[in-house]
Amino acid sequence: MEEAHLMPATPLFPLAGLHKYIAILLVVLSWALVHRWSLRKQKGPRSWPVIGATLEQLRNYHRMHDWLVGYLSRHKTVTVDMPFTSYTYIADPVNVEHVLKTNFTNYPKGDVYRSYMDVLLGDGIFNADGELWRKQRKTASFEFASKNLRDFSANVFREYSLKLSGILSQASKAGKVVDMQELYMRMTLDSICKVGFGVEIGTLSPDLPENSFAQAFDAANIIVTLRFIDPLWRVKRFFHVGSEALLAQSIKLVDEFTYSVIRRRKAEIVEARASGKQEKMKHDILSRFIELGEAGDDGGFGDDKSLRDVVLNFVIAGRDTTATTLSWFTHMAMSHPDVAEKLRRELCAFEAERAREEGVAVPCCGPDDDKAFAARVAQFAGLLTYDSLGKLVYLHACVTETLRLYPAVPQDPKGILEDDVLPDGTKVRAGGMVTYVPYSMGRMEYNWGPDAASFRPERWINEEGAFRNASPFKFTAFQAGPRICLGKDSAYLQMKMALAILFRFYSFQLLEGHPVQYRMMTILSMAHGLKVRVSRAV
2 MEEAHLMPAT
12 PLFPLAGLHK
22 YIAILLVVLS
32 WALVHRWSLR
42 KQKGPRSWPV
52 IGATLEQLRN
62 YHRMHDWLVG
72 YLSRHKTVTV
82 DMPFTSYTYI
92 ADPVNVEHVL
102 KTNFTNYPKG
112 DVYRSYMDVL
122 LGDGIFNADG
132 ELWRKQRKTA
142 SFEFASKNLR
152 DFSANVFREY
162 SLKLSGILSQ
172 ASKAGKVVDM
182 QELYMRMTLD
192 SICKVGFGVE
202 IGTLSPDLPE
212 NSFAQAFDAA
222 NIIVTLRFID
232 PLWRVKRFFH
242 VGSEALLAQS
252 IKLVDEFTYS
262 VIRRRKAEIV
272 EARASGKQEK
282 MKHDILSRFI
292 ELGEAGDDGG
302 FGDDKSLRDV
312 VLNFVIAGRD
322 TTATTLSWFT
332 HMAMSHPDVA
342 EKLRRELCAF
352 EAERAREEGV
362 AVPCCGPDDD
372 KAFAARVAQF
382 AGLLTYDSLG
392 KLVYLHACVT
402 ETLRLYPAVP
412 QDPKGILEDD
422 VLPDGTKVRA
432 GGMVTYVPYS
442 MGRMEYNWGP
452 DAASFRPERW
462 INEEGAFRNA
472 SPFKFTAFQA
482 GPRICLGKDS
492 AYLQMKMALA
502 ILFRFYSFQL
512 LEGHPVQYRM
522 MTILSMAHGL
532 KVRVSRAV
């Protein structure tokens with residue numbers, strides 16, 4: 002019998018192939034080690050090859066601002082890697098001043114930010130850079146300094162604050178629970194549309210009608226914010242699916258409303274001129290920009306698209322920011338009854354003093370006498386003017402303290418044109434983004450001391466009882482440097498007008514079990530609204 006011919010066993014991989022796989026594995030491991038070594042001094046969340054810190058950001062998206070507080074309380078500067086870019090978050094006033102003022106030109110809004118926000122803000126002042134921004138800034142600065150606009154705004158803010166008071170009065174009488182954030186949003190939307198567009202849209206009517214413009218505007222705001230961490234948004238936009246399909250639908254509704262208002266306002270201006278009745282000319286912002294565009298001193302406002310961008314930028318600035326601050330103020334007052342009581346004493350003393358100055362009697366009325374109560378509120382509102390509101394120091398301090406802890410814009414990203422080194426030694430690369438974080442800055446003990454997390458309006462009042470300002474690079478609720486908010490005085494005017502009336506004549510109680518937490522969007526709004534019970538307090 003012949004000896005069996007033994008064949009060698011076939012290896013699982015050819016030897017040459019095995020060497021190739023080992024080589025690839027070694028390259029990957031070496032790359033990973035080099036990546037980790039390059040990040041050994043990085044302050045921030047763990048970064049992985051290719052995806053960066055995306056997973057941790059997505060996991061903490063619902064609490065992003067507090068997630069950043071945790072890191073920035075340990076490090077004044079934090080770097081978060083993302084696919085194809087990196088975000089550097091800063092909370093040290095020295096770094097903030099460098100970005101917002103000292104090296105301002107190196108930190109524009111940038112192409113990345115504009116790509117996210119362009120669909121909503123267009124070429125408006127909050128999305129523009131360079132010469133376009135400078136022209137808009139110059140024009141808007143002149144308009145906001147106008148006494149006509151200031152007086153017109155004060156009358157509008159008083160009018161809608163009284164409308165809100167009327168709704169709360171009826172809710173108190175009926176024992177109804179109300180959502181204060183929704184009511185504030187309606188009040189500020191109606192107000193800014195009157196000041197910005199010169200139109201009444203009536204969302205604060207007693208029956209609280211639905212408004213497609215407001216709903217579409219809110220949806221668009223939420224979705225463009227999601228773009229900052231959604232790596233697939235461009236794919237969804239291309240295929241017109243998911244959130245990007247809803248965004249397109251929402252923008253269509255927003256544009257239909259805005260362009261119809263622009264066309265109507267232009268027609269009204271032509272009619273007023275033809276009739277020779279100049280008193281019909283309005284003082285709203287849209288009318289002023291239309292007139293400037295016709296005069297050729299337009300700064301780029303001659304066409305309807307430019308006017309649309311101007312107006313929507315003012316809406317997002319004047320509606321959402323003010324309403325969210327009013328909501329957080331109300332929440333703070335409810336959770337700090339000593340503050341609410343001290344504020345009420347200031348308002349009562351103010352009412353008595355202003356009535357003496359005007360030579361009018363303060364009428365007596367009980368909380369159940371509807372007609373007398375409404376008259377008392379209306380008389381008090383008439384005592385509130387731009388100048389007289391300046392006497393309410395504690396109210397101003399309460400609003401400012403609310404903005405310190407709950408800034409309307411919780412974080413504000415800037416692009417990076419050229420490589421730079423921040424004052425603390427942090428290197429930032431061209432094409433990345435630097436974000437200063439007002440929400441975190443207000444909670445940092447290295448900025449505000451050991452009671453930084455406490456709501457304490459007294460920190461804003463000096464020994465003589467006057468308001469104490471803070472550096473705008475430390476208190477960043479209104480930005481700082483060349484881009485500091487032009488509407489700061491207008492925002493304080495509206496908030497103090499409304500809050501003086503409401504907290505003089507009403508008390509609020511949070512609905513049992515109602516959760517109060519923020520929603521992730523460009524503005525720090527409340528995710529579930531602010532459900533309260535309200536009662537009259539004469």
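FYI, the numbering for the sequence shown is 2 to 539, going by this note's numbering. Each residue gets a CB set at the ideal place from its N, CA and C atoms; glycine is no exception. Just so you know, these numbers come straight off a predicted model, no measurement behind them.
Residue i, DSSP secondary structure in three states
i	result
D339	helix
V242	coil
Q510	strand
R537	strand
F468	strand
V400	helix
V517	coil
I91	strand
L7	In this prediction, L7 scores a pLDDT of 46, lower than 50, which makes its location untrustworthy; the coordinate-derived value is nonetheless stated afterwards. Note: L7 maps to coil in three-state DSSP.
M527	strand
T80	strand
M522	coil
D180	strand
P414	strand
K532	strand
S39	In this predicted model, S39 has a pLDDT of only 48, less than 50, meaning its place in the structure is not dependable enough to derive any value.
T323	helix
T386	coil
V363	coil
K392	helix
7 Å CB neighbourhood of residue i in its chain, flanking five on each side removed
i	result
S154	V196, S491, L494
T259	R309, V312, L313
S147	none
T226	M521, M522, T523
E144	L150, I286, R289
L418	N107, P109, A431
Alpha-carbon spacing of residue i relative to residue j, whole angstroms
i	j	result
K512	Y114	Inspection of the sequence shows that residue 512 is occupied by Leu rather than by Lys. Cα-Cα distance, rounded: 38 Å.
D285	T189	15 Å
P232	V79	21 Å
F239	A246	9 Å
D152	A398	23 Å
V95	D310	33 Å
L254	T523	20 Å
W38	Y90	Per-residue confidence for W38 stands at a pLDDT of 47, beneath the threshold of 50, marking its modelled position as unreliable; the derived number appears in the next sentence. W38 and Y90: Cα-Cα distance of roughly 21 Å.
L308	F158	23 Å
A538	Y395	19 Å
K415	A172	44 Å
G530	Q182	5 Å
L393	E358	16 Å
V70	L209	37 Å
K174	D369	8 Å
H36	E465	The pLDDT assigned to H36 is 47, lower than 50, so where the model puts this residue is not dependable; a value taken from the coordinates is nonetheless given after this. Using only the alpha carbons, I get a separation of about 57 Å.
Y124	H63	The amino acid occupying residue 124 in the given sequence is Asp; Tyr does not appear at that position. The alpha-carbon atoms of D124 and H63 are separated by roughly 29 Å.
Beta-carbon proximity list for residue i, same chain, < 8 Å, skipping 5 on both sides
i	result
L169	V179, L184, L503, Y507, V535
T322	A409, V410, A492, I524
A275	none
Neighbourhood of residue i by C-beta distance below 6 Å, restricted to the same chain and skipping five residues each side
i	result
R377	P364, C366
R228	Y117, W234
F1	Because the chain here runs from 2 to 539, residue 1 falls outside it and cannot be looked at.
A324	Y185, M186, T189
C194	V200, I202
T401	W461
K164	L205
Pick from the options that is closest to residue i, judged by C-alpha positions
i	options	result
S261	L384, D420, F509, L287	L287
S213	G176, V422, K177, S251	S251
Q518	Q510, L205, W329, N149	W329
Q412	V97, L348, G426	V97
M434	L487, V100, S147	V100
S166	R289, S74, F381, Y437	F381
M496	F218, D67, E272, G391	G391
I224	P210, V242, D208	V242
N61	V438, D370, A350, I230	I230
K102	I291, G514, K475	K475
S192	E132, A318, A453, A221	A318
A273	E257, E292, Y440	E292
S244	R264, D256, E257, N222	N222
E160	H515, G383, P439	G383
### Task
Count the CB pairs spanning the stretch 455-475 and the stretch 328-341 that are closer than 8 Å, and state whether there are at least three.
yes
### Query
If you pair each beta-carbon of the stretch 367-387 with each one of the stretch 472-483, do three or more pairs fall below 8 Å?
no
### Query
Are the stretch 459-474 and the stretch 130-137 touching, with three or more C-beta to C-beta distances below 8 Å?
no
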